[in-house]
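Numbering (the numbering used here), first residue to last: 896 to 1095.
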């Protein structure tokens, strides 16, 4: 009888320790990122984590249904402990990311645009506190461009600033910019950046 009680007690203790146990299922479901308009605004996009590249955030990038004429496998170029990243999605989609510490990166970018206003005409398409989307047109020095040239020097750019873990990051098109359809996708990607909520 004592043996039976001993074994029953041992089984009950084993069951209690496994049901209350401190094991944690690490399937990534504890990384919570909420996108309010995910179904409508981001239906041609899929989530991509920047955490392996030292940015604790998620970004939505165009998927195979988006017509950007590029492969859909993202490539991030970054040297560990550096402050710059380049995110490529095929040959047509190139986003640049920089760590600006606690400096206002967006204000610095806007000031740089104003400094170059003698070279470029800037037309703002969309503006908010942490995001701008603009069209840049190269000015021709007081001359009417020749009809034979046929090349209009226009590019589209978007820039967004996000604060992640107390650090200001700027997400933007590359310096050359992109055609408008690609920049439209990039604008949605930049606006979709959200910090990842790590478990406590």
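Just so you know, even glycine gets a beta-carbon here, dropped at the ideal spot from N, CA and C.
Asked                                                                                                                                                                      : Found
When DSSP builds the beta bridges, which residues end up paired with residue 1087?                                                                                         : According to DSSP, residue 1087 bridges with nothing at all.
In terms of residues, what are the limits of the beta strand (DSSP E) holding residue 1063?                                                                                : 1062-1068
With a cut-off of 8 Å, do at least 3 Cβ pairs link the segment 1069-1082 to the segment 993-1006?                                                                          : no
Does the Cβ of residue 989 have 16 or more other Cβ atoms within 10 Å, making it buried, or fewer, making it exposed?                                                      : buried
Relative to the C-alpha of residue 971, which candidate in 959, 984 and 1051 has its C-alpha closest?                                                                      : 984
Take the Cβ of residue 1056 as the centre, count every other Cβ of all protein chains shown within 10 Å, and call the residue buried at 16 or more, exposed below.         : buried
State the DSSP-derived secondary structure class of residue 961, mapped to helix, strand or coil.                                                                          : coil
Mark residue 1012 as exposed unless 16 or more other C-beta atoms lie within 10 angstroms of its C-beta, in which case mark it buried.                                     : exposed
Return the chain-ordered list of same chain residues with a C-beta closer than 8 Å to the C-beta of residue 969, the five sequence neighbours on each side being excluded. : 943, 956, 982, 983 and 984
According to DSSP, simplified to helix, strand and coil, what is residue 1079?                                                                                             : helix
Among 1083, 1067 and 1090, which one has its Cα closest to the Cα of residue 979?                                                                                          : 1067
For residue 1029, name the three-state secondary structure that DSSP assigns.                                                                                              : strand
Just reading off the beta strand (DSSP E) that residue 994 is part of, what are its end residues?                                                                          : 988-994
Can you tell me whether residue 960 is buried or exposed, with buried defined as 16 or more other CB within 10 angstroms of its CB?                                        : exposed
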